[in-house]
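> Starting off with a structure, shown below.
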Amino acid sequence: MSQLFFSDYHSIDYDACLSLFDSNCPDAFHPAERLDFEAFLLDLPGPYLLLHHQKHGLIGCGGYAYHKKNHSADLCWGMIHSTYQRQGFGTALLQERLARIRLNPEIESVSLCTAPDTVAYYHRFNFQIQQTIKDGFAPGADRIDMAMALA
Numbered sequence: 001m002s003q004l005f006f007s008d009y010h011s012i013d014y015d016a017c018l019s020l021f022d023s024n025c026p027d028a029f030h031p032a033e034r035l036d037f038e039a040f041l042l043d044l045p046g047p048y049l050l051l052h053h054q055k056h057g058l059i060g061c062g063g064y065a066y067h068k069k070n071h072s073a074d075l076c077w078g079m080i081h082s083t084y085q086r087q088g089f090g091t092a093l094l095q096e097r098l099a100r101i102r103l104n105p106e107i108e109s110v111s112l113c114t115a116p117d118t119v120a121y122y123h124r125f126n127f128q129i130q131q132t133i134k135d136g137f138a139p140g141a142d143r144i145d146m147a148m149a150l151a
């Protein structure tokens with residue numbers, strides 16, 4: 001994975017991130033979620049990272065936000081371009097975000113919301129289901145809330 005590197009999101013990356021989102025519709029994201037993602041990019045709640053491949057360019061993005069009151073962090077809008085999924089790039093993005101979160105000694109847990117088809121993936125990293133919300137993302141798109149304690 002030495003061909004990978006991260007950079008911080010800037011407004012100039014807006015269209016490229018929307019292209020990543022679009023590559024994942026409708027398989028990973030419901031098209032109705034695009035407006036939420038657009039609003040998120042315009043008003044980031046915390047750091048947002050871009051994952052680049054030396055050969056393929058921008059292949060992923062994802063961020064996180066801290067909640068100091070409950071000593072937690074949320075993973076936000078993580079995605080890999082559909083062409084490059086199932087090659088370890090999503091894991092690299094997840095691990096980078098978790099490593100950066102762990103640098104904050106006040107954070108005790110990490111949460112995320114995801115679709116049912118990625119629950120098994122996040123179980124591999126010790127995330128546990130907290131709740132399921134039927135149609136939580138959009139009609140026909142259930143939302144699974146997951147969390148993990150940081151050791």
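Position 129 (the sequence shown) corresponds to 129 in the UniProt record's numbering; numbering is contiguous. The C-beta atom is built at its ideal place from N, Cα and C for all residues, glycine as well. Fair warning: this is a prediction, and the values are worked out from it, not measured in the lab.
Which whole-angstrom value describes the C-beta separation of residue 89 and residue 51, a residue pair presumed to lie in contact below a C-beta threshold of 8 Å?
Here residue 89 refers to the residue found at position 89 of the sequence shown. Here residue 51 refers to the residue found at position 51 of the sequence shown. Correct: roughly 6 Å between the Cβ atoms.
> Reducing DSSP to helix, strand and coil, say where residue 25 ends up.
Counting from 1 along the sequence shown, the entry for residue 25 is found at position 25. Residue 25 falls in the coil class under three-state DSSP.
> Taking the alpha carbon of residue 48 as the reference point, which residue from 139, 29, 151 and 94 has its own alpha carbon closest?
As a first step, residue 48 must be located in the sequence shown, where it is residue number 48. Nearest option by C-alpha distance: 94.
> Within 8 Å, do at least three Cβ pairs link the region 134 to 148 to the region 57 to 69?
The region 57 to 69 vs the region 134 to 148: no contact.
> Do you know how far the Cα of residue 143 is from the Cα of residue 149?
Reading the sequence shown from its first residue, position 149 is the one you call residue 149. Reading the sequence shown from its first residue, position 143 is the one you call residue 143. Taking the straight line from one Cα to the other gives about 20 Å.
> For residue 128, which beta-bridge partners are listed by DSSP?
Numbered from its first residue, the sequence shown carries residue 128 at position 128. Residue 128 pairs with 147.
> Within its chain, find whatever has a CB closer than 7 Å to the CB of residue 31; leave out the 5 residues flanking it on each side and keep chain order.
Locating residue 31 in the sequence shown gives position 31, counting from the first residue. So the qualifying residues of the chain are 25.
> For residue 62, which option in 54, 75, 16 and 68 has the closest C-alpha, if you only look at C-alpha atoms?
Taking the first residue of the sequence shown as 1, we reach residue 62 at position 62. Here the closest residue by C-alpha is 75.
> If we ignore side chains and look at the alpha-carbon of each, how far apart do residue 96 and residue 139 end up?
Taking the first residue of the sequence shown as 1, we reach residue 96 at position 96. Taking the first residue of the sequence shown as 1, we reach residue 139 at position 139. Looking at the two C-alpha atoms, the distance is approximately 32 Å.
> Across which residues does DSSP place residue 110 in a beta bridge pair?
Indexing the sequence shown from 1 puts residue 110 at position 110. In the DSSP output, where bridge partners are listed per residue, residue 110 has 73 and 148.
> Between which two residues does the alpha helix (DSSP H) carrying residue 122 extend?
Here residue 122 is taken as the residue at index 122 of the sequence shown, counted from 1. Where residue 122 is concerned, the enclosing alpha helix (DSSP H) stretches over 119 to 123.
> Return the chain-ordered list of same chain residues with a C-beta closer than 7 Å to the C-beta of residue 116, the five sequence neighbours on each side being excluded.
Working through the sequence shown from its first residue, we reach residue 116 at position 116. Cβ neighbours of residue 116 beyond the five flanking positions: 142 and 144.
> Can you tell me where the beta strand (DSSP E) with residue 57 in it begins and where it stops?
As a first step, residue 57 is located in the sequence shown; it is residue number 57 there, counting from the start. 57 to 67 is the extent of the beta strand (DSSP E) around residue 57.
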